[in-house]
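Going by full-length UniProt numbering, 194 is the number at position 194 of the sequence shown; the sequence numbering is gapless.
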Amino acid sequence: MTERNTRGTDADGVNIATGSAGGAETSAPYGTTAPRRRTRIHHLREYKRRGEPWAMLTSYDTYTARIFDQAGIPVLLVGDSAANNVYGYESSLPVTVDEMLPLVRAVAGAAEHSLVVADLPFGSYQASPEQALHTAVMFMKAGAHAVKLEGGRRYAAHVEALVAAGIPVMGHLGFTPQSEHGLGGYRVQGRGDQAETLLADARAVQDAGAFAVVLEMVSSGAAKRVTGELEIPTVGIGAGPECDAQVLVWTDMAGLNTGQTPRFVKRYAEIGNELARAAGEFADDVRSGAFPAKEHSFD
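Below, the structure written as structure tokens:
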């Protein structure tokens with residue numbers, strides 16, 4: 001893996017704080033006072049080359065997209081995890097293209113700087129590269145800047161077809177939620193002999209033209225090896241600290257999901273508790289007559 005850079009500039013004199021070099025369009029993910037530009041795929045490659053980690057969060061609506069964009073999150077994922085977090089399904093399998101497209105429009109319309117990646121849902125790309133292209137075109141027309149699909153060598157031709165059509169593709173390996181039944185449930189991937197398979201799949205996705213690959217629930221040793229041997233960035237979720245980037249489902253990260261969360265999740269807030277408190281206080285005020293008060297009314 002690329003060694004983390006703690007200097008002010010990289011080997012080519014690029015300022016890490018601002019990402020500036022010779023007037024070319026650049027973008028730093030965090031901590032810059034320079035005007036922010038849209039994060040592009042070539043910026044993500046530069047971050048990997050400089051050993052500069054970056055963050056990705058899921059988003060499914062206008063408000064979170066705007067907040068995360070303003071917070072400096074370089075990449076937003078309109079994930080098929082919307083199945084659980086928006087529609088209340090038990091897994092990601094039931095969510096459809098028609099259900100995902102409005103979410104993509106909402107996020108893409110609100111994100112001024114973040115790169116917006118849209119998940120292709122289960123059943124919308126597996127049949128053939130042509131099916132994948134048809135679905136991906138709909139997501140790009142809805143405002144996405146790239147799409148994500150699960151699978152390795154078996155789907156290399158699908159990735160290649162999309163890239164040839166000008167559609168950037170993010171891969172997804174390790175535990176692939178759309179294949180949870182075939183994988184025997186939520187199980188860590190990449191251990192023992194599986195590490196070689198994971199690496200072969202990652203290389204195939206890279207060779208097909210993917211610009212990055214998510215590694216989910218992968219042993220940290222295997223993730224470190226894949227990250228070190230790939231030229232494209234790896235995005236970890238339960239894959240240890242050596243990946244080039246990290247992604248979390250925002251409802252897990254911010255504590256809106258008050259149920260059980262995976263081991264790899266770190267809660268940075270307890271939004272669910274605060275929202276429940278606010279709703280309860282509102283209900284109490286209505287019952288007591290404290291709301292609406294004079295200042296909330298019109299003469």
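We treat Cβ as the ideally placed atom computed from N, Cα and C, and that holds for glycine.
If you're wondering where the values come from, they're calculated on a predicted model, not measured in any experiment.
| field | Uninterrupted beta strand (DSSP E) stretches inside the region 123 to 149 (no shorter than 3 residues) | value | Entirely contained in the region 123 to 149, the beta strand (DSSP E) runs reaching 3 residues are, in chain order, 146 to 148.
| message | Between the alpha carbons of L173 and V205, how many angstroms are there, rounded? | response | Here residue 173 corresponds to residue number 173 of the sequence shown, with the count starting at 1. Here residue 205 corresponds to residue number 205 of the sequence shown, with the count starting at 1. For L173 and V205, the distance between alpha carbons rounds to 9 Å.
| Within the region 43 to 70, ranges of the alpha helix (DSSP H) (whole runs, at least 4 residues) | 62 to 70
| request: Could you give the DSSP three-state label for E160: helix, strand or coil? | output: Your numbering for residue 160 matches position 160 in the sequence shown. In this structure, E160 counts as helix in the three-state DSSP scheme.
| message | What residue range does the alpha helix (DSSP H) around Q178 cover? | response | The residue labelled residue 178 in the question sits at position 178 within the sequence shown. Segment: none, Q178 is in no alpha helix (DSSP H) and carries neither H nor E.
| field | Between the CA atoms of G171 and R263 - distance to the nearest angstrom | value | Sequence index remark: in the sequence shown, residue 263 carries index 263 (1-based). Sequence index remark: in the sequence shown, residue 171 carries index 171 (1-based). In a straight line, the C-alpha of R263 is about 23 Å away from that of G171.
| What do you reckon, are the CB atoms on L115 and R36 nearer than 8 Å? | Taking the sequence shown and counting its residues from 1, the one referred to as residue 115 is at position 115. Taking the sequence shown and counting its residues from 1, the one referred to as residue 36 is at position 36. No, Cβ-Cβ distance for L115 and R36 is not below 8 Å.
| query | Okay, do the region 94 to 105 and the region 116 to 136 touch, 3+ Cβ pairs below 8 Å being the bar? | reply | yes
| request: Assuming L93 contacts D61 (C-beta within less than 8 Å), just tell me the rounded distance between them. | output: The residue given as residue 93 occupies position 93 in the sequence shown. The residue given as residue 61 occupies position 61 in the sequence shown. Rounded, the Cβ-Cβ distance is 22 Å, inconsistent with contact.
| said: Taking a contact to mean a Cβ-Cβ separation below 8 Å, would you say G236 touches L215 in this structure? | reply: As a first step, residue 236 must be located in the sequence shown, where it is residue number 236. As a first step, residue 215 must be located in the sequence shown, where it is residue number 215. Result yes, Cβ atoms of G236 and L215 sit closer than 8 Å.
| What separation, rounded to the nearest whole angstrom, lies between the Cα atoms of V147 and A222? | Translated into the one-based positions of the sequence shown, residue 147 becomes position 147. Translated into the one-based positions of the sequence shown, residue 222 becomes position 222. Computed Cα separation, rounded: 25 Å.
| message | Measuring straight from C-alpha to C-alpha, what distance separates V247 and F211? | response | Against the sequence shown, residue 247 aligns to sequence position 247. Against the sequence shown, residue 211 aligns to sequence position 211. Take the alpha-carbon of V247 and the one of F211: they are about 16 Å apart.
| field | Residue from L199, V213, L275 with nearest C-alpha to T251 | value | For the purposes of this step, residue 251 is identified with residue 251 of the sequence shown, where counting begins at 1. Of L199, V213, L275, the residue nearest in Cα terms is L275.
| task | Report yes or no: do three or more beta-carbon pairs, one from the region 224 to 238 and one from the region 272 to 291, lie closer than 8 Å? | result | no
| request: Look up L256 in the DSSP assignment and say whether it is helix, strand or coil. | output: As a first step, residue 256 is located in the sequence shown; it is residue number 256 there, counting from the start. Coil, per DSSP.
| task | Go through its chain and collect everything with a Cβ distance to D207's Cβ below 8 Å, but skip five positions before and after it. | result | Within the sequence shown, residue 207 is the residue found at index 207, counting from 1. Only A156 meet the Cβ criterion.
| Span of the alpha helix (DSSP H) holding I271? | Position 271 of the sequence shown, counting from 1, holds the residue named residue 271. 271 to 288 is the span of the alpha helix (DSSP H), which, as asked, contains I271.
| query | So, is the C-beta of P121 closer than 8 Å to a C-beta in chain D? | reply | Absent from the structure is chain D; it holds one protein chain and no more.
| message | Going by DSSP in three states, D244 sits in which element: helix, strand or coil? | response | Taking the sequence shown and counting its residues from 1, the one referred to as residue 244 is at position 244. In this structure, D244 counts as coil in the three-state DSSP scheme.
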